[in-house]
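J.: Dropping the structure in here first, questions after.
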Amino acid sequence: MAFWIASSPHNHNQSQTSSLMRLVIYATLPGIIAQWYFFGWGNLIHIGLAITTAMICEFTVLSLRKKAINKELLDGSALLTALLLGVCLPALAPWWISVIGTIFAIVIVKQLYGGLGHNPFNPAMAGYVMLLISFPLQMTTWQPPLTLLSVDLNLTNTLSTIFTGFTLEGYSVEQIRTSIDAITMATPLDTLKTNTGMGLTVLETINSSSLQSQVFGDNFSLGWEWVNGAFFLGGLVLIAKKAIAWQTPLSFLASLFICTFLAYSISPDSSPSTMFHWFSGATMLGAFFILTDPVTGATSIKGRIIIGFLAGLLVYLIRTFGGYPDGVAFAVLLCNMTAPLVDQYTRPRTYGHQKGNN
Amino acid sequence: MESIIERVTRGNFWTFHGGVHPPEQKQLTSSKPIKQLPLPKQLILPLQQHIGREGSLLVEVGDKVLKGQALTSSNNPMAVPIHASTSGTISAIKKSIIAHPSGLSELCIFIDVDGKDTWIEREGCDDLSKLSQLDLITKIADAGIAGMGGAGFPTHIKVNNKADINFLIINGVECEPYITADDLLMQERSKEIVNGIRIIDKLLTPTFILIAIEENKPLAIKSLQQKTSAFDHIKVCAVPTKYPAGGEKQLIKILTGQEIKSGSLPIHTGIVMQNIATCFAINDAVYHGTPLLRRVVTVTGQALTQPQNVWALLGTPINFLLTECGAQPQAIKGKQNQQAVIMGGPMMGYSLSSDLVPIIKTSNCILVPSAREMPSAFADTSTEVECIRCGQCSDVCPSQLLPQELQWSAKAKDYPQLEKLNLSDCIDCGACAYVCPSQIPLVQYYRIAKAEIREQQQLDLKADKAKIRFEARKLRLEKEKIAREEKHKKAAAARKAAMNKNTPEAVGAKSAVAAALARVKAKKAKDKLKESALNTKIEDKETIPEVVSDEKDQVKAAIARAKAKRLAKVKEKQQVNSVAEKSKILQESSPNDASKQEEKTLTKISVANNENNVQSQDDKKIKIAAAIAKVKAKKLAQTSYKNDKVGEPNTVSSTGESPQKKDLIAKDAKKAKIASAIAKAKAKKELKEQEKSLTNPENEST
């Protein structure tokens, strides 16, 4: 009787990479819904564009590389990259922004370096940074929350703006961003940075009666705080399901807290609070979904803590002293660069070996 | 050490890093008692069932053996004898597939069971105190006991230690899923087990004895606690259920908090570990004189109708056990219509290629899973994807390794990096591959890498030894050369000294030497003369110049020789030209004719040269002529072949096809060779005759 030959172990806990990716995608849904609620259809359209482009690119490259299409196309990694990139883009950016960004992210940053598991940089963040540097105008025209808009941005209007640059009524993107008293609105981070540069204190900026400061809303940043909160919840779900390691987001948020706490202690007038930093921009998205990407992060626990800490420090520095209002993307890329080095020096001690003896 | 035992007594154990919790599935077999099986028809006993060497055969084909009779003897500490598990006749001693992952064959003894089960004479013992340490060790060694937990290390070596033993740990953990062999043995035979433990206690005198059992075996724990309540220094420890808590290094960490240093043995920290079944076997051997003949085997899996534990005789083929436990051939087909039969548990067992594999001392389980129960055992294609560095593998590794980095380096065959990452500390438990979401067969990669590293080390050792040998040989040869030279120098000096002494023998020796020297000189002169004579003989039969003794004549002779050479060359050219002309003629005729004509010309040349008393130079000419003829014939053949290809009508070609032409050319070459050989032989003859004629007049002169 011929028997089937296999190698031990013969049983398996049946976890799969594709189900891991699927879980992460589900965990981003609260944040995406919050974004839609506060900022409209823009990001959803961009997500759709990005996903389509990503699937086409991945299919093309995998066919060229003669890989198993069924297994690798549908393992969810390209989908997740496209999703994250779509979430990060400004809502009213032109359609070609997301297409170019996705092509760059999938083809160059992911597949050209070897495909899943071999890329040293986070594809979504690398794509975002490329777009930011190449098309600074389009990437900095942020749409204010819907409640502050004077133009009605329903689905058709948003589609028309993204694909043609003008709403159906003929308003341009700049006109949409302008408030009733003809002042262009920016993101809370941007506003605070500009005003602090002009010499105003934080409280003055936030509590001023100008319509520009309405972007800060009642708490920290109108709309953005809820988006960040929703991503925070999604992240907690991931930690509970053991899909990501909890050390990275904890150390990231903790280091951001330490930096802002120190800054506030030194100069309260020109430093925003920790909660402001935590709940505006892409902080929570970065903490739970970007930095925890296993392929580009560190592997050991100590390494993860170091990377998270470094990322928090960099985010604070770029936001306060750097040229860009939000530094999460740059911080993530810099941490990706240091991950191999950190890995080498934070290997855990093997059983039976002394520390340092290897 | 006091704090260790305090913690142990309290039940406050340490823990090891990592570990997984695969589904235990022990309820399939844990509630049924151990079954006694009928005798099988045939036993297959491999000569080696342990780590070490095989013993030497004591029996031959056709011998009748009794139950418990020794079939091999041990003449080496690492050799453990095997015994006949029941009475019968030895039908064969040949190679057969053994229980090993490789599926290779080793020498086995085949016994045809006669069914009578007659015992050999056994010598039991009632009182332990009557036996000395040496007696105990001898009994254990003769009974063929090896570690029954899986590794099979010879027990008599392990229990024969003089070092200070702090802890004797009895491993009843049985952490692997499905296996309940040790569990039931502890439930049914705890008295014998404790007796066995006390024998080892007498041999090793440890300070404490810890019996480790996992928490999922409450009945076994209770049973052993009852039997050991009378002994203060024996403690039963119920450790938390986690795979692989039963691994030696992990269990030591759990019970004592100490880590065994990489590369060293537990004995170096004063700890010895024995399996619970080994203790049972020791009891049998010492008290009843029974050698190791049977063991408890768990035959389990949802593909069987009656999974249970059985007392299996060593050497029972697997197919007998499978039929006894209700394996329906048609019901156990997997996806590819093949059944997976695994020896051992699901995490560390290996699949068997044949059902004739026998049970040996270290087999504790036969697992026959159904496809629904264990789908990954039947996977026909690899579902492996890229590693996403999620780190779940390093979270569960009990040796605190980094499997994702090991896998990276193993795939790249980066052996120095693998050693740096401590691949040799991997215990092959399979926890990492169990949890990997990318379904990478990690353990398989590590096994291959370890094997390649080991092979490389063996080659390096061999190379080192060869280098040492070579260096030694070089040295020896040099020394011998120097010694020889010394000897020669000494002998020469001695001779010289003797010759210069002016004794009559010395004078005689001197004159003899002088005469010899004179002879040598004369011979040299003759040779020179011959050369010059030969060189000048081509043109005319000139008279042989006189033996030249002074320089002027020598110079003259040299000039004469040079002239002769030049003339010879000119004549060669003439001959060659004549051959060329002839071959030109050949080109205009048909190839077949050409070959015949070539033959004719070659023979003509050779004959002509022979007639001219050709010597070595003429040989050369023949060769040159033959070569030129060959070349021309080849060209001929090629051009005619080309013309054939092109299809032009050709005056030269007729029916020629390239193979035929090649044959012709070959034949021609052969014939040319033969001709030149004949010419050479004739020339040699001429030379000899000339020599004779030369020496004759000389002799007359002297």
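For the protein sequence lines, the chains are U and G, in the order given.
Each number in our numbering corresponds to the 1-based position in the first sequence with 4 added.
Each number in our numbering corresponds to the 1-based position in the second sequence with 33 added.
Idealized CB from N, CA, C, for every residue including glycine.
Using a cut-off of 7 Å between C-beta atoms, extract the partners of Gly119/U located in chain G.
T.: The residue you call residue 119/U lines up with position 115 of the first sequence. Within 7 Å Cβ-Cβ: Glu419.
J.: Using a Cβ distance threshold of 8 Å, determine whether the region 179-199 of chain U contacts the region 153-161 of chain U, with at least three qualifying pairs required.
T.: Contact holds: three or more Cβ-Cβ distances are below 8 Å.
J.: Can you list, in chain order, the residues of its chain with a C-beta nearer than 6 Å to that of Ser274/U? Leave out the 5 residues immediately preceding and following it.
T.: For the purposes of this step, residue 274/U is taken as residue 270 along the first sequence, with counting starting at 1. The answer, listed in chain order, is Thr200.
J.: Give a yes or no on whether 8 Å exceeds the smallest Cβ distance from Cys423/G to chain U.
T.: As a position in the second sequence, residue 423/G is number 390, starting the count at 1. True, the Cβ-Cβ gap to chain U drops below 8 Å.
J.: Between the alpha carbons of Asp447/G and Asp297/U, how many angstroms are there, rounded?
T.: Working through the second sequence from its first residue, we reach residue 447/G at position 414. Working through the first sequence from its first residue, we reach residue 297/U at position 293. The straight-line gap from Cα to Cα measures roughly 26 Å.
J.: Residues of chain G with CB closer than 9 Å to the CB of Gln20/U, please, in chain order.
T.: For the purposes of this step, residue 20/U is identified with residue 16 of the first sequence, where counting begins at 1. Residues of chain G passing the Cβ test: Thr416, Val418, Pro470, Ser471, Gln472.
J.: Taking all protein chains shown into account, decide if Trp100/U is buried (16 or more other Cβ within 10 angstroms of its Cβ) or exposed.
T.: In the first sequence, counting from the first residue as 1, residue 100/U sits at position 96. The residue in question, Trp100/U, is exposed, as its Cβ has fewer than 16 Cβ neighbours within 10 Å.
J.: Establish whether the CB of Asp317/G and some CB of chain U are separated by less than 8 Å.
T.: By 1-based counting over the second sequence, the position of residue 317/G is 284. No, because no Cβ of chain U sits closer than 8 Å to the Cβ of Asp317/G.
J.: Closer than 7 Å, Cβ to Cβ, to anything on chain G: give me those residues from the region 285-299 of chain U, in chain order.
T.: From the region 285-299 of chain U, only Pro298, Val299 have a Cβ closer than 7 Å to chain G.
J.: Under 8 Å between beta-carbons, which chain U residues line up against Asp458/G? List them in chain order, please.
T.: Locating residue 458/G in the second sequence gives position 425, counting from the first residue. Going along chain U in sequence order, the residues near Asp458/G (Cβ under 8 Å) are Thr354, Tyr355, Gly356, His357.
J.: Mark Gln296/G as exposed unless 16 or more other C-beta atoms lie within 10 angstroms of its C-beta, in which case mark it buried.
T.: Taking the second sequence and counting its residues from 1, one reaches residue 296/G at position 263. Going by the sequence as given, residue 296/G is Gly instead of Gln. Exposed, because fewer than 16 other Cβ atoms sit within 10 Å of the Cβ of Gly296/G.
J.: Give the residues of chain U in contact with Val476/G, contact being defined as C-beta atoms less than 8 Å apart.
T.: Locating residue 476/G in the second sequence gives position 443, where the first residue counts as 1. Those within 8 Å of Val476/G in chain U are Ser11, Ser12, Pro13.
J.: Can you tell me whether DSSP reads Gln69/G as helix, strand or coil?
T.: Within the second sequence, residue 69/G is the residue found at index 36, counting from 1. It is a strand residue.
J.: Of all the residues that make up the region 433-444 of chain G, which are near chain U by a beta-carbon distance shorter than 9 Å?
T.: The region 433-444 of chain G vs chain U, Cβ under 9 Å: Gln433, Leu434, Leu435, Gln437, Glu438.
J.: Can you pull the chain U neighbours of Tyr467/G, defined as C-beta to C-beta under 8 Å?
T.: Reading the second sequence from its first residue, position 434 is the one you call residue 467/G. Ordered by position in chain U, the residues that pass the 8 Å Cβ test against Tyr467/G are Pro13, Asn15, His16, Asn17.
J.: Taking the beta carbon of His116/G as the centre, do at least 16 other beta carbons fall within 10 Å, making it buried, or is it exposed?
T.: What you label residue 116/G is simply residue 83 of the second sequence in a count that begins at 1. The residue in question, His116/G, is buried, as its Cβ has 16 or more Cβ neighbours within 10 Å.
J.: Once the 5 residues before and after Thr350/U are set aside, which same chain residues still bring their CB inside 6 Å of it?
T.: As a position in the first sequence, residue 350/U is number 346, starting the count at 1. So the list reads Ser304, Lys306, Gly307, once near-sequence residues are dropped.
J.: So if I threshold CB-CB distances at 7 Å, which residues from the region 370-384 of chain G count as touching chain U?
T.: Listed by position along the chain: Gln371, Gln372, Ala373, Val374, Ile375, Pro379, Met380, Met381, Gly382, Tyr383, Ser384.
J.: Against chain U, which members of the region 288-301 of chain G pass a CB distance test of less than 7 Å?
T.: Against chain U - using a Cβ distance shorter than 7 Å - the residues of the region 288-301 of chain G are Glu292, Ile293, Lys294, Ser295.
J.: Starting from Arg480/G, follow the alpha helix (DSSP H) in both directions and report where the run begins and ends.
T.: In the second sequence, counting from the first residue as 1, residue 480/G sits at position 447. Taken as a continuous stretch (DSSP letters only), the alpha helix (DSSP H) holding Arg480/G covers 475-532.
J.: To the nearest angstrom, how far is it from the Cα of Gly279/G to the Cα of Gly35/U?
T.: Indexing the second sequence from 1 puts residue 279/G at position 246. Indexing the first sequence from 1 puts residue 35/U at position 31. The alpha-carbon atoms of Gly279/G and Gly35/U are separated by roughly 46 Å.
J.: To the nearest angstrom, how far is the alpha carbon of Met181/G from that of Tyr479/G?
T.: Mapped onto the second sequence, residue 181/G falls at position 148. Mapped onto the second sequence, residue 479/G falls at position 446. Going from the Cα of Met181/G to the Cα of Tyr479/G covers about 25 Å.
J.: So which residues on chain U does Ser138/G lean against when the C-beta distance must stay under 9 Å?
T.: For this step, residue 138/G is matched to residue 105 along the second sequence. Here the premise fails: no neighbours, minimum Cβ distance about 16 Å.
J.: Output needed in chain order: residues of the region 48-76 of chain U with a Cβ under 8 Å from some Cβ in chain G.
T.: For the region 48-76 of chain U, which is checked against every Cβ of chain G, the residues closer than 8 Å are Lys75, Glu76.
J.: Report the start-end ranges of each alpha helix (DSSP H) in the region 45-105 of chain U that is 4 residues or longer and not cut off at the edges.
T.: Here the runs fully enclosed are 46-68, 73-77, 81-92.
J.: Tell me the start and end of each unbroken alpha helix (DSSP H) in the region 136-192 of chain U that is at least 4 residues and wholly inside, in chain order.
T.: Runs of the alpha helix (DSSP H) inside the region 136-192 of chain U: 140-143, 159-168, 177-181.
J.: With 8 Å set as the bound, which would you pick, yes or no: does the beta-carbon of Thr42/G sit closer than that to a beta-carbon of chain U?
T.: Residue 42/G sits at position 9 when you count from the first residue of the second sequence. Judged by the 8 Å Cβ criterion, Thr42/G is not in contact with chain U.
J.: Report yes if the C-beta distance between Gly233/U and Thr162/U is below 8 Å; otherwise report no.
T.: Within the first sequence, numbered from 1, the residue matching residue 233/U stands at position 229. Within the first sequence, numbered from 1, the residue matching residue 162/U stands at position 158. Cβ atoms of Gly233/U and Thr162/U: not closer than 8 Å.
J.: Determine which residues share a DSSP beta bridge with Leu76/G and list them.
T.: For the purposes of this step, residue 76/G is identified with residue 43 of the second sequence, where counting begins at 1. Ile144/G.
J.: Please classify Met380/G: is it buried, with 16 or more other beta-carbons within 10 angstroms of its beta-carbon, or exposed?
T.: Here residue 380/G corresponds to residue number 347 of the second sequence, with the count starting at 1. With 16 or more other Cβ atoms within 10 Å, it is buried.
J.: For Val241/U, which residues in the same chain have their Cβ closer than 6 Å to its Cβ, ignoring the five residues on either side in sequence?
T.: As a working mapping, residue 241/U is identified with position 237 in the first sequence. Only Ala31 meet the Cβ criterion.
J.: Let me check understanding here. Comparing Cα to Cα, which of His122/U, Val113/U, Asn123/U lies closest to Val133/U?
T.: Position 129 of the first sequence holds residue 133/U. Nearest of His122/U, Val113/U, Asn123/U to Val133/U, Cα basis: Val113/U.
J.: Shorter than 8 Å from the beta carbon of Met407/G to some beta carbon of chain U?
T.: Locating residue 407/G in the second sequence gives position 374, where the first residue counts as 1. Chain U contact via Cβ: present.
J.: How many Å lie between Ala176/G and Ile315/G at the Cα?
T.: For the purposes of this step, residue 176/G is identified with residue 143 of the second sequence, where counting begins at 1. For the purposes of this step, residue 315/G is identified with residue 282 of the second sequence, where counting begins at 1. For Ala176/G and Ile315/G, the distance between alpha carbons rounds to 8 Å.
J.: What whole-angstrom Cβ distance do Leu298/G and Ile178/G have, given they're in contact under 8 Å?
T.: As a first step, residue 298/G is located in the second sequence; it is residue number 265 there, counting from the start. As a first step, residue 178/G is located in the second sequence; it is residue number 145 there, counting from the start. Leu298/G to Ile178/G, Cβ: 19 Å. No contact.
J.: Candidates Gly121/G, Asp234/G, Lys667/G, Met532/G: which alpha carbon is nearest Ser544/G's?
T.: To locate residue 544/G, count along the second sequence from 1; it is residue 511. Ranking Gly121/G, Asp234/G, Lys667/G, Met532/G by Cα distance to Ser544/G puts Met532/G first.
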